[in-house]
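Enquirer:
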Amino acid sequence: MNWFLDMCIVISYASDSGDIKSEKSKEFVNNKKDNKFFLCCYITQENMPKWIKRQEAILKIVGKKIQDSSCEIEKLKEYQELFAKDIIILRKRLAQSSASQNKSEFYNKLKKNHDLMIQRINYFMSKLIDKEVIPIKEIKFELKSALFTFLQNHSDAMTLASGIQYAQEEELKILTGDKHDWNKNNLEWVFSSRQDIAKKYAKIPEIIYIQNT
Amino acid sequence: MADKIKKNPEEIRTEILNQLKNGPKTIAEIGEAINSNWLTIEKFLKELKDEGKITEVVSSPKMRVYRRTDDIAFYGLPFSEEIRNKSCSLLFAIANKWKVEKGIIPARTTLQKVAVELVETPGSNLSDIPVLRFHYGQTLAVMYNPLSECAPLKLDNNQQKSLSKLISEYDRKLSAYAKSKQYKKNGMELYKEKEDNISKSFLYFNDENVQKAEQGILRLSMIYPVELKKSFQLFDRLVYCSTNLLNLKNKEDRQQGFNKMREMFSLVWDAITTEYFFYDAEKHIRPEKKELFCQIRDNILNFKLASLISLMEDLESEVNSINPEEIEMPSDKESLEMRELFTEGIEGE
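In order, the protein sequence lines correspond to chains A and B. Heads up: the first sequence begins at 3 in my numbering, then just goes up one per residue. Heads up: the second sequence begins at 29 in my numbering, then just goes up one per residue.
#1: My guess is that Val-192(A) and Cys-43(A) are in contact by the Cβ rule of under 8 Å, so how many angstroms apart are they, rounded?
#2: Confirm, please, whether the CB-CB distance from Pro-158(B) to Arg-95(B) is below 7 Å.
#3: Here's a check: name, in chain order, each residue in its chain whose Cβ is nearer than 7 Å to the Cβ of Asn-49(A), leaving out the five neighbours to either side.
#4: So Ala-182(A) contacts chain B; which residues on that side make the cut at Cβ distance below 8 Å?
#5: Report the partner residues of Tyr-94(B) according to the DSSP bridge assignment.
#6: Any idea what DSSP makes of Gly-165(B), helix, strand or coil?
#7: Would you list the residues sitting across from Leu-7(A) in a DSSP beta bridge?
#8: I'd like to know whether the C-beta of Pro-352(B) is nearer than 7 Å to at least one C-beta of chain A.
#9: Determine the DSSP secondary structure at Ala-204(A), reduced to helix, strand or coil.
#10: Between the segment 262–282 of chain B and the segment 240–252 of chain B, do three or more beta carbon pairs fall short of 8 Å?
#11: Mind checking if Trp-5(A) is an interface residue toward chain B, Cβ cutoff 7 Å exclusive?
#12: For chain A, find out if any of its Cβ atoms is closer than 7 Å to the Cβ of Glu-319(B); answer yes or no.
#13: For the beta strand (DSSP E) containing Cys-322(B), list its first residue and its last residue.
#14: Measure the CB-CB distance between Asp-88(A) and Arg-122(A) and report whether it falls below 7 Å.
#15: Closer than 8 Å by beta-carbon distance: list the chain A residues that pair up with Leu-364(B), in chain order.
#16: Do the CB positions of Lys-125(B) and Leu-191(B) come within less than 7 Å of each other?
#17: Please state the DSSP three-state secondary structure of Lys-182(B).
#18: Short check: CB of Lys-2(A) to CB of Ala-169(A), under 7 Å?
#19: Kindly indicate the opening and closing residues of the beta strand (DSSP E) around Met-41(A).
#20: To be precise: take each residue of the segment 129–146 of chain A, compare its Cβ to all Cβ atoms of chain B, and keep it if any distance is under 9 Å. Which residues remain?
#21: Out of Gln-323(B), Lys-220(B) and Ala-143(B), point me to the one whose CA is closest to Ser-87(B)'s CA.
#22: At a cut-off of 6 Å, would you count Tyr-198(B) as near the ligand HEM, judging by its Cβ distance to the nearest heavy atom?
#23: Examine chain A for any beta-carbon lying closer than 7 Å to the beta-carbon of Tyr-268(B), and answer yes or no.
#24: My understanding is that Asn-4(A) touches Leu-174(A), with C-beta atoms under 8 Å, so please give their C-beta distance in whole angstroms.
#25: Within the same chain, show all residues whose beta-carbon is closer than 6 Å to that of Tyr-219(B), passing over the 5 residues directly before and after it, in chain order.
#26: Please identify, using Cβ separations under 9 Å, the residues of the segment 215–247 of chain B that lie next to chain A, in order along the chain.
#27: Rounded to a whole number of angstroms, what is the C-alpha to C-alpha distance between Tyr-205(B) and Ile-251(B)?
#28: What's the gap between the Cα of Leu-4(B) and the Cα of Leu-48(B)?
#29: Taking the alpha helix (DSSP H) that Glu-70(B) falls in, what are its first and last residues?
#30: Within 7 Å (strictly less), CB to CB, does Asn-272(B) reach chain A?
#31: Do Phe-305(B) and Leu-160(B) have their C-beta atoms within less than 7 Å of each other?
#32: So Phe-370(B) contacts chain A; which residues on that side make the cut at Cβ distance below 9 Å?
#33: Does Met-160(A) have its Cβ less than 7 Å from a Cβ in chain B?
#34: Does DSSP classify Ile-210(A) as helix, strand or coil?
#35: Chain A beta carbons: is any one of them nearer than 7 Å to that of Arg-367(B)?
#36: So, at 7 Å on beta carbons, what are the nonlocal neighbours of Ser-208(B) in its own chain, with the 5 sequence-adjacent residues on each side left out?
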């Protein structure tokens with residue numbers, strides 16, 4: 003079976019945090035056998051490196067705040083790299099650090115867990131991916147745009163467009179953890195409102211949720 | 029022109045060497061100083077270089093710079109004549125007094141540490157002598173070479189007294205004592221962490237040392253000085269590799285990882301402390317020598333970093349090939365919560 007993977011599968015696998023998605027992702031990956039894993043170039047070349055960079059920025063900010071509690075984090079250059087959702091994560095990290103008895107040890111632990119996670123991501127990307135598909139420049143604008151109109155999320159639109167595009171070349175299933183945005187109803191809605199796209203991308207891949215595997 | 033004709037080759041060679049006594053110079057500077065043309069200078073520079081008496085420190089289309097092989101300044105940096113002379117003569121004064129009082133000359137590391145302490149002694153009136161951080165902590169800008177011609181600095185009574193006290197304190201002590209004392213100072217946190225935890229842990233392999241080395245390297249990343257930007261990427265990659273290699277589940281693999289990290293750490297430490305040295309040294313370089321300083325610094329640092337980067341890439345690729353199931357993931361509650369937070373909101377990525 004060919005599996006087109008959403009980025010959250012890789013991160014859930016890498017987190018090894020014991021929650022259901024992480025456990026299911028690990029189980030799925032460890033039972034790979036003859037299955038083929040595809041990731042789109044948008045994830046490997048753009049979205050994942052940027053996500054990692056933002057996690058590093060959060061880590062650096064936490065480190066600076068621990069070293070100097072009077073540090074105004076909003077003025078740090080790393081802070082400017084963060085999205086609104088990252089700032090929420092940062093606040094939570096800072097709250098975790100405030101609650102810890104030994105802040106320096108907290109940072110060491112955070113850095114260690116971060117580095118171990120990054121190793122798992124790197125391993126996944128270099129050893130478990132059978133094919134990187136759809137060069138970013140070849141993502142069809144009309145498809146991406148139609149998906150974006152509905153999803154209102156650039157990354158989701160780029161990834162899903164790559165998956166649908168590649169499904170026209172090779173049979174595959176899409177694996178994600180995102181039940182909210184990536185679902186059959188949404189895709190049907192997009193395609194029913196754009197007959198030209200529906201015709202061009204006739205093979206709509208099945209979407210499987212990691213929670214249900 | 030008449031002067032030029034009169035000089036014999038040996039005289040020109042001696043003049044060139046004399047010109048380089050106080051630091052590196054460009055071909056043009058040497059030519060101007062000894063009143064010889066470019067072709068003549070070029071010919072004798074080549075001879076001196078082949079004989080190992082001088083080396084070319086910068087060779088770019090814009091600038092060619094030479095230094096004496098026996099230049100006392102570290103990396104032949106273009107410190108002023110005053111800095112060179114005063115630093116060198118202080119080292120000679122300490123070595124001489126030590127010999128008179130105790131009958132021996134101390135190890136060079138100890139000699140440098142005592143010199144630094146004397147310079148920093150309140151009221152010593154020696155604060156114009158630069159103190160720079162280097163591989164083993166703080167040192168003066170020049171090395172002690174008993175063969176170099178240098179008159180010992182004349183110390184006043186106060187300085188003599190302070191020096192005698194220091195000699196009594198440091199005599200017959202290992203250089204580790206001097207290092208450990210110096211590392212307690214402000215600005216030496218990186219060295220202290222390295223000396224107290226990492227170096228000792230890397231002496232031999234056992235579970236306790238593996239853990240101490242890992243924790244020590246992580247702590248270094250917390251206190252890593254922001255000014256050392258050039259080495260940071262390399263250091264950060266070292267931390268990444270050490271976290272993974274020192275947590276391998278299989279003991280034999282872990283020991284191999286430990287040995288690799290020991291080697292890599294000492295190479296990265298060399299790069300970090302070289303950058304530290306240049307960072308501190310830059311403050312003592314005269315404006316007209318800044319360009320030359322930057323050329324020497326970039327040549328040395330870039331060479332070190334470039335050769336290390338390829339080694340680090342190999343190590344990183346090895347780390348990234350390890351099946352994660354072979355690496356111990358921390359399973360305490362706090363670690364699990366930390367990692368869970370990494371996954372928050374990833375569906376929207």
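No residue lacks a Cβ here, since even glycine has one placed at the ideal position from N, Cα and C. Model, not experiment: these values are computed from the prediction.
Expert: Result, derived from the coordinates:
#1: In the first sequence, the residue the question calls residue 192(A) occupies position 190. In the first sequence, the residue the question calls residue 43(A) occupies position 41. At roughly 22 Å, the Cβ-Cβ gap does not stay under 8 Å, so Val-192(A) and Cys-43(A) are not in contact.
#2: Your numbering for residue 95(B) matches position 67 in the second sequence. Your numbering for residue 158(B) matches position 130 in the second sequence. In this structure, Pro-158(B) does not lie closer than 7 Å to Arg-95(B) by Cβ.
#3: Here the question's residue 49(A) lines up with position 47 in the first sequence. Cβ neighbours of Asn-49(A) beyond the five flanking positions: Met-9 and Ser-157.
#4: Mapped onto the first sequence, residue 182(A) falls at position 180. The residue you asked about is not Ala; residue 182(A) is His in the sequence shown. Correct list: Glu-375.
#5: The count along the second sequence starts at 1 and reaches residue 94(B) at position 66. DSSP lists Lys-53(B) and Glu-84(B) as partners of Tyr-94(B).
#6: Numbered from 1 along the second sequence, position 137 holds the residue referred to as residue 165(B). DSSP places Gly-165(B) in strand when its eight states are reduced to three.
#7: Numbered from 1 along the first sequence, position 5 holds the residue referred to as residue 7(A). DSSP, once it has assigned bridges, lists Leu-177(A) as partnering Leu-7(A).
#8: Translated into positions along the second sequence, residue 352(B) becomes position 324. Pro-352(B) counts as touching chain A.
#9: Here residue 204(A) refers to the residue found at position 202 when the first sequence is read from its first residue. Here Ala-204(A) sits in coil by DSSP.
#10: yes
#11: Counting from one through the first sequence, the residue named residue 5(A) turns up at place 3. So, not an interface residue.
#12: For the purposes of this step, residue 319(B) is identified with residue 291 of the second sequence, where counting begins at 1. Not closer than 7 Å to any Cβ of chain A, the Cβ of Glu-319(B) fails to qualify, so no.
#13: For the purposes of this step, residue 322(B) is taken as residue 294 along the second sequence, with counting starting at 1. Not the beta strand (DSSP E): Cys-322(B) falls in the alpha helix (DSSP H), residues 318–348.
#14: The residue you call residue 88(A) lines up with position 86 of the first sequence. The residue you call residue 122(A) lines up with position 120 of the first sequence. Cβ distance not < 7 Å, so Asp-88(A) and Arg-122(A) don't count as in contact.
#15: On the second sequence, residue 364(B) is found 336 positions in, with the first residue counted as 1. The contacting residues are Ser-19 and Gly-20.
#16: In the second sequence, the residue the question calls residue 125(B) occupies position 97. In the second sequence, the residue the question calls residue 191(B) occupies position 163. Yes.
#17: On the second sequence, residue 182(B) is found 154 positions in, with the first residue counted as 1. DSSP places Lys-182(B) in coil when its eight states are reduced to three.
#18: In the structure as shown, chain A begins at 3 and stops at 215. Residue 2(A) is therefore absent and cannot be evaluated.
#19: Locating residue 41(A) in the first sequence gives position 39, counting from the first residue. It is Leu, not Met, that sits at residue 41(A) in the sequence shown. It spans 38–42 - the beta strand (DSSP E) in which Leu-41(A) sits, taken as one unbroken run.
#20: Lys-129
#21: Here residue 87(B) refers to the residue found at position 59 when the second sequence is read from its first residue. For Ser-87(B), the nearest C-alpha among the options comes from Gln-323(B).
#22: Although the ligand HEM was asked about, the structure shown includes no ligands whatsoever.
#23: As a position in the second sequence, residue 268(B) is number 240, starting the count at 1. True, the Cβ-Cβ gap to chain A drops below 7 Å.
#24: What you label residue 4(A) is simply residue 2 of the first sequence in a count that begins at 1. What you label residue 174(A) is simply residue 172 of the first sequence in a count that begins at 1. With a Cβ gap of about 4 Å, Asn-4(A) and Leu-174(A) count as contacting.
#25: By 1-based counting over the second sequence, the position of residue 219(B) is 191. Result list for Tyr-219(B): Gly-165 and Tyr-211, in chain order.
#26: Glu-242, Gln-243, Leu-246 and Arg-247
#27: Taking the second sequence and counting its residues from 1, the one referred to as residue 205(B) is at position 177. Taking the second sequence and counting its residues from 1, the one referred to as residue 251(B) is at position 223. If you take the alpha carbons of Tyr-205(B) and Ile-251(B), they lie about 23 Å apart.
#28: For residue 4(B) there is no data in the structure shown, the boundaries of chain B being 29 and 377.
#29: Here residue 70(B) refers to the residue found at position 42 of the second sequence. Run containing Glu-70(B): 66–78, per the alpha helix (DSSP H) assignment.
#30: Taking the first residue of the second sequence as position 1, residue 272(B) is located at position 244. True, the Cβ-Cβ gap to chain A drops below 7 Å.
#31: Position 277 of the second sequence, counted from the first residue, corresponds to residue 305(B). Position 132 of the second sequence, counted from the first residue, corresponds to residue 160(B). Yes, the Cβ-Cβ distance between Phe-305(B) and Leu-160(B) is below 7 Å.
#32: Indexing the second sequence from 1 puts residue 370(B) at position 342. Correct list: Ile-13, Ala-16, Ser-17, Ser-19, Gln-57, Ile-91, Asn-115, His-116 and Met-119.
#33: Along the first sequence, one-based indexing puts residue 160(A) at 158. Output row for Met-160(A): interface = no.
#34: To locate residue 210(A), count along the first sequence from 1; it is residue 208. In the structure shown, Ile-210(A) sits in a strand (DSSP, three-state: E or B).
#35: Translated into positions along the second sequence, residue 367(B) becomes position 339. Judged by the 7 Å Cβ criterion, Arg-367(B) is in contact with chain A.
#36: Within the second sequence, numbered from 1, the residue matching residue 208(B) stands at position 180. Closer than 7 Å at the Cβ level, and outside the excluded window around Ser-208(B), lie Glu-223.
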